[in-house]
Amino acid sequence: MAKIYAPNSPEISEREIQNMDRARRIAGQTMVLLENKGVLPLAVTDKPLSVYGSGVRRTVKGGTGSGDVNSRSVYNAEQGLEEAGFTIASKAWLDRFDQICEKHMQEHLQHFMSLLQENPTDAIRDSLENPYRDPDVAESTPEELGDGDRDLAVYIISRTSGEGSDRHVQPGDYELSQGEISNLKTLTEAYRSVVVVLNVGGVIDTKFLRAQPGIDAILLMSQLGNISGLALADVLTGKVVPSGHLTATWAENYTDYPSADTFGHRNGNVSDEYYSEGIFVGYRYFDSLNIKPAYPFGYGISYTTFSQRTNRVSIAGADIVVSVTVRNTGSLCQGRETVQVYASQPEGKLAKAYQVLAGFAKTKELLPGEEETLAIRFPVISLASYDPDTAAWMLESGTYYIRVGTHSRNSHIAAAFRLEQTVVTSQLKNRLKPDESFSEISVSPARFYTYPGEAQEKKEAFTLDLIAKAIPSETIQYSGAPVELTTNKTEKVIMDDVLAGAASLEDLTAQLTPEELTELVVGSARGGFGSASVIGAASTACPGAAGDTTSSLLESRNVRNLVLSDGPAGLRLSKTFVADSQDNVIPGLGESAMGGLEKYFGVQAPDRPADAVDYYQYCTAIPIATALAQSLDMALVEEAGDIVGGEMELFGVTIWLAPGMNIHRNPLCGRNFEYYGEDPLLAGMCAAADTRGVQKHPGRGTCIKHFALNNLEDNRSFNNAHCSERASREIYLKGFEIAVKQSNPLSLMTSYNLLNGLHTANSYDLVTAILRDEWGFEGLVMTDWGTTGGELNPALDNKYGTSDAALCIKAGNDLVMPGSQQDVDVILEALKNGSLTLAELQLCAMRVLKLVMICEKAV
Ligand code: BGC
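Per this note's numbering, the sequence shown starts with residue 80, numbered consecutively.
If you want it as C-alpha cells, here you go:
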C-alpha cells in the first residue's frame, strides 16, 4: 500500500486554475510571428470570423508518446477565439471535418484490434510508430464559406509527431497536404486576407505559404498545452504582443539541411547514422555555407518595431560583457525584444563556423518610445573549441569578433578581441573516438555568408586584448576503479541512521547483500518490457507515472521508493484512479495513462468494490519544450519548471523525466518538439532554467535526457550514431554540460542509441569519465525505459543488439529502468562470474540511496 497524495474531489482546483493562468502567460511569450502585412492583431468585432484548418477544433496541444500529458481538458482554438469574443462563421466546415475524423479514428482502431489479435507486442510497437493521425482536411465548399464577411479568414495547420517514429518529407507532414493547399487557394480567392497559424511541433515547408498572394500573416503558434486556444487568441487579438524567436533554422528546401539525404529512413539505413556535417549543425551550417534559409535561427517579428544600440563590450574577470540599449520605435503598442550575441572564432588549426551563439537576453514589455539597457555576459572559455589531436578544449590565437543582432542573419560586429597565443582551457583524454572512419564536410571561410559592410565593420571594430594568463585553465583527473565498501558498524544500519547523521551512506551500502544491492539498481517493474510494464506507465506507487525504484528495502532498512514521472510538457500521470478504503490502488479502474488501451489487451477491468474512492490527478500541460525555448526568456522557462515542481509535490512524484535536451539536428526527428532547438548553449540554458524551477521544490528533481545523440526515433534502440569527438562534445554534449554545471540536476537519463559502436547506457566514457569526472555531476544516472533486454524488432536490421544491464552498472549507469527480473539475473550473474565487481555494484546502489536520502531529507 503506497501513500495516496491525489485529491479525491473532481472539482477543478485553485491550483489548476492558477497554473493554467501561468501557462497561458508563458505561452503568450513563445509564439513566433513570421510574417505580418498589417493584418494582425485582429480587432474583436461582432462580424463572424471564418476559421478553417485541422488545428481549429482539433488543436494539437503537444506530441504523442511519453511526452504527452493527461490534462483535464484542452482549450482548442475555436474555444479560445470564442472566449475572446468572436463568433465563428465556419462551424459547418468544422463539423464536417469532425465527422471525417471520427470515421478515420474508427478505422484506425479496427486496424489496431486486428494487429492485437495477431501479436500484442507488434500492436504496441505499431501504436507507437503509427499513432492515430487525423486524415487530410476536407475541401471547403462554396456553401460552407457562406455569404458572410469576406475580409479575413484564419487557417490553422496542425501536425503531430512523437516518440518511436520520425517524420517524413511528405504531404501532411513536412509538406503541406493536398487538402491544405486546396483550402488555402480557395480561401485566398474568397477572402481579402488570410492569416495562417502553424500549430506544429517542428519545422514544416513554408514555400507555398510565403508565395501565395493573400496570405498576409503567418504565426508559429507551436503547441502550447491545455491552454493552447486561449493563448492563441491572446496573440491574435494583440492582448499579448508576440515576442518568440525561432530556435531552429527553417530551411527554404528540406534538401538544404546537411543531413537531408542520410537522416534515418531517408537512405534506408536506420542502423547507422553518420554525422558527416560535424559541428556544422543548424545555423552553423546555413551561415557557413551561405545557404539562405526561409527563416533563420533566432528570427521573429513583433506588432511593433525596435532599435538596438550597443553601448559597450568589455571584459569583466574571465567574462565578456555586452551592453545593449533596446528601444521600442513603434507608436502603436508595447512589445518585448531579444538581443542575441554571436561570436566568430578565428580560423586556425580547427575549422570554425561563421558564428556561434554566445549569449542572449530579452527586454521587459517596452511601451512605445521606451528603452531598456540589457547586459549579456558570457565566459571567454565558452568560445573554446575541442581539438581531438591534443584532447583539449582550446581558444585558438587570433581575432574573435563579437556580434550583436536579432537573428543569425542580422548580426553586426560590435567589437573584437585579440588573443596572441593559443590557450588550452581544459586538458582531457579523448573518450569518444569514432568506431569507423567516415568523412566530415570541409568548410572554408571563403564560403561564409556575408553582408554589405561586413569587411568595413571588421576593420573598424573596437579591439581589446585578451590576456592569455587571465583565462582559466584546468587539467582533468579521472577516477579509477571504485574500492569495495566496508563498515565497522555491527548494528544494522537503516536509512533513519543516515538521515540522523549516525551512520554514513557507505555504512548502509556496505551492509547490503548483493541481492539487495541489485534490487536497488533495477527499477521495480518485473513484468518484462512491452507487456505488463507499458512505456510511460510502469509505476505502481503513483498511477500513470513511468516507474518506481524499489520499495523492497522499506521494511528492513526504511529505504523508500522514488517515483519517476514523465514530461517534458508537464507531469504525465493518469487523470484518475481508484483505491479501496485502505488506500490500495485498484489497477484497471479509473482513466489510465494509456488512454484505456489495456482493455484491448484482454485486461478486464475488475469489479468496483463498494468502498472504492476516486482520485484525480489533473496536471497542467505546459507548452512543448521548443515553444518554451522560443521565448528566449529563462525566467519563464524556470517558471514552467516551477509549475511542474509544485504538481510533483502535490502528487508525490520525486523525479521528473525531463527536460529533454537533444539537439534538433534534422527537422524530421519525431521528438524534436520535446527538445529546445538546434543550439547547444540555448538547450543548456533552458534545461538549467527548467531544472531550477523544479528543484526549488524540496525533494524534487529533474532527469535531463537523453544522453546523448538521441537525434532520431526510427530504430532508436539499435541505431549507431557515428560522430567525431569534436562534434559530439561541441554540439551534442555541450548542452548537458551547461545544464549540469549551472543547475545540478538530481538525475540524468542515458539514451537508447549507440554512440560510436557502444550503447550510451553501457558507456563508461560518457557516464563516468565525461559526466562525472570532467563535469562534476553528482546525481544519479538511469537508463531509458527498456534499453536492456528489449525485444528486437524483426522487421528491422538489428545490427547492434540491446544494451546490457551488467554493463550499465559497470559504466556507472546506476539505475536500470523500468526494471525486469532478467536485469536482476544478468547483474547477479555478472557479479558471480567476475565481469562486474561488488565495488561497482555498491557504487551505483549507493547513488540510488543517496538520491533517496536527498529527497527524504528535503521533505
Ligand atoms: C522515453 C523516455 C521516457 C521513458 C519513460 C521512453 O520511451 O524515451 O523519454 O522518459 O520512456 O516513459
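All C-beta atoms in this analysis are idealised placements derived from N, C-alpha and C, irrespective of residue type, glycine included. Predicted model, so just to flag it, every value in this text is computed and none were measured.
Phenylalanine 517 counts as exposed, since fewer than 16 other C-beta atoms from the protein chains shown sit within 10 angstroms of its C-beta. By the beta-carbon neighbour count (other beta carbons within 10 angstroms, threshold 16), proline 702 is buried.
Distance from tyrosine 843 to lysine 889 at the Cβ level is roughly 7 Å; contact confirmed, criterion being Cβ atoms closer than 8 Å. Beyond the five residues adjoining it in sequence on each side, lysine 813 comes within less than 6 Å, by CB distance, of Pro759 in the same chain, given in chain order. For threonine 267, the closest C-alpha among the options Glu254, Leu288, Pro513 and Arg805 is that of Leu288.
Under the three-state reduction of DSSP, lysine 911 is assigned to helix. Across the structure, glutamine 556 and alanine 339 are spaced so that their CA atoms are roughly 40 Å apart. Per DSSP, threonine 781 is one residue of the beta strand (DSSP E) stretching across 780 to 786. Of all C-beta pairs linking the segment 595 to 606 to the segment 895 to 907, three or more are shorter than 8 Å, placing the two stretches in contact.
Rounded to the nearest whole angstrom, the CA to CA distance from tyrosine 362 to valine 400 is 23 Å. Taking C-beta atoms as the reference points, phenylalanine 165 and alanine 312 count as a pair closer than 9 Å.
DSSP places proline 250 within a strand segment (E or B) once states are collapsed to three. Within the segment 84 to 137, the alpha helix (DSSP H) runs of at least 4 residues that lie entirely inside it are, in chain order, 93 to 107. The continuous stretches of alpha helix (DSSP H) do not include glutamine 661, and DSSP gives it neither H nor E. The DSSP-derived three-state label of lysine 820 is helix.
Going by DSSP, histidine 190 is part of the alpha helix (DSSP H) stretching over 170 to 197. Rounded to whole angstroms, the gap between the alpha carbons of leucine 298 and valine 111 is 6 Å. About 7 Å separates the Cβ atoms of arginine 651 and asparagine 149, confirming a contact at the 8 Å cut-off. Apart from sequence neighbours up to five positions away, the residues of its chain that approach isoleucine 722 with a beta-carbon distance below 7 Å are Asn98, Arg101, Ala102, Thr699 and Ile701, ordered along the chain.
By the criterion of at least three beta-carbon pairs nearer than 8 Å, the segment 901 to 912 is in contact with the segment 582 to 598.
Per DSSP, reduced to three states, the secondary structure at isoleucine 546 is coil, with no helix or strand assignment. Shown here, arginine 406 sits in a strand according to DSSP, grouped into three states. Membership of valine 435 in the beta strand (DSSP E) is indicated by the continuous run 435 to 441. Boundaries of the beta strand (DSSP E) harbouring methionine 828: 826 to 829, taken from the DSSP string. Runs of the beta strand (DSSP E) lying entirely within the segment 375 to 401 and spanning at least 3 residues, in chain order: 385 to 395. Scanning Ala156, Phe176, Asp177 and Arg175 for the CA closest to the CA of isoleucine 167 turns up Ala156. Following the DSSP letters along the chain, one finds alanine 884 inside the alpha helix (DSSP H) bounded by residues 884 to 890.
In the three-state DSSP reduction, proline 221 falls in the helix class (H, G or I).
For glutamine 535, there is no enclosing beta strand (DSSP E); the enclosing alpha helix (DSSP H) covers residues 533 to 539. Selection Gln178, Leu207, Leu194 and Leu195 evaluated against valine 216 yields Gln178 as nearest (Cα-Cα). At least one heavy atom of the ligand BGC falls within 8 Å of the beta-carbon of alanine 625.
Of the residues Ser826, Ser830 and Ser803, the one whose Cα lies closest to the Cα of isoleucine 358 is Ser803. Its Cα nearest to that of valine 130, the residue Val273 stands out among Gly241, Val273, Asp205 and Thr485. Distance check between threonine 383 and each of Ser367, Asn390, Gly756 and Thr408 places Thr408 closest, using alpha-carbon atoms only. In the three-state reduction of the DSSP assignment, aspartate 690 falls in the coil class, being assigned neither a helical nor a strand state.
Three or more beta-carbon pairs drawn from the segment 482 to 491 and the segment 412 to 423 are found closer than 8 Å, and the two stretches are therefore classed as touching.
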